[in-house]
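Numbering (the numbering used here), first residue to last: 384 to 593.
Built from N, CA and C at the ideal position, the CB exists for glycine as well.
Here the structure comes first, spelled out in structure tokens, and everything after it is commentary.
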């Protein structure tokens with residue numbers, strides 16, 4: 384009996400791990416690190432997560448400004464952009480979302496809450512005019528909506544000088560913008576409002592897969 388107690392007290396036992404806070408923390412971190420590497424590293428070598436699916440293109444200058452407006456106004460707080468592969472979701476929204484659709488999104492806008500509907504396949508579902516009315520006063524088209532109105536977007540003109548630096552920054556993280564696209568960005572957005580830009584962004588969402 385004494386021999387057994389002696390060997391367990393000098394060895395690496397479950398009791399020692401539980402009673403030694405530092406050792407437990409080290410082991411927990413080690414397990415998390417190994418688990419994380421096993422989950423994440425293979426994704427860097429899987430083409431479906433690093434290459435755009437057919438039909439997905441970098442955002443135009445106007446769409447990019449619209450995306451920035453979407454983020455600034457906090458639309459992601461109420462709308463997700465991630466359709467899960469469940470029958471109920473695909474019947475309602477369309478084809479489930481795939482990783483290759485988001486390779487040019489920095490940061491991605493998957494979201495984690497749906498106060499309003501998922502927007503990933505909203506592109507082309509409604510007309511530009513419908514979106515304008517909806518953004519100015521959502522209850523004009525959806526009477527039961529609790530979405531806030533964004534009337535100021537129609538009066539806020541896009542700053543053309545702000546777009547090229549944004550496109551250059553995105554190019555450094557892998558978005559394949561050409562010098563010609565960046566040079567033409569200011570002319571493309573000149574005179575457009577933030578409403579124009581946001582509608583352009585909404586209309587391009589999820590159109591590669593339906």
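Where residue i falls: helix, strand or coil (DSSP)
i: residue 505; result: coil
i: residue 561; result: coil
i: residue 445; result: helix
i: residue 440; result: coil
i: residue 454; result: helix
i: residue 590; result: coil
i: residue 435; result: coil
i: residue 341; result: Nothing can be reported for residue 341: it is not among the residues displayed for the chain, which extend from 384 to 593.
i: residue 573; result: coil
i: residue 462; result: coil
Pair within 8 angstroms by beta-carbon distance, residue i and residue j
i: residue 568; j: residue 588; result: no
i: residue 581; j: residue 452; result: yes
i: residue 328; j: residue 593; result: Look at the range of the chain in this structure, 384 to 593, and you will see that residue 328 is not part of it.
i: residue 578; j: residue 537; result: yes
i: residue 410; j: residue 400; result: yes
i: residue 559; j: residue 468; result: no
i: residue 516; j: residue 524; result: yes
i: residue 575; j: residue 546; result: no
i: residue 435; j: residue 487; result: yes
i: residue 543; j: residue 530; result: no
Boundaries (first-last residue) of the alpha helix (DSSP H) holding residue i
i: residue 578; result: 577 to 587
i: residue 418; result: 404 to 427
i: residue 551; result: 546 to 555
i: residue 467; result: No alpha helix (DSSP H) holds residue 467; DSSP gives it neither H nor E.
Are the segment 443 to 455 and the segment 468 to 482 touching, with three or more C-beta to C-beta distances below 8 angstroms?
-> no
Every unbroken alpha helix (DSSP H) inside the segment 481 to 544 [4 residues or more] = 511 to 519
Say whether the segment 488 to 495 touches the segment 460 to 468, bearing in mind that this needs 3 or more beta-carbon pairs closer than 8 angstroms, one atom from each stretch.
-> yes
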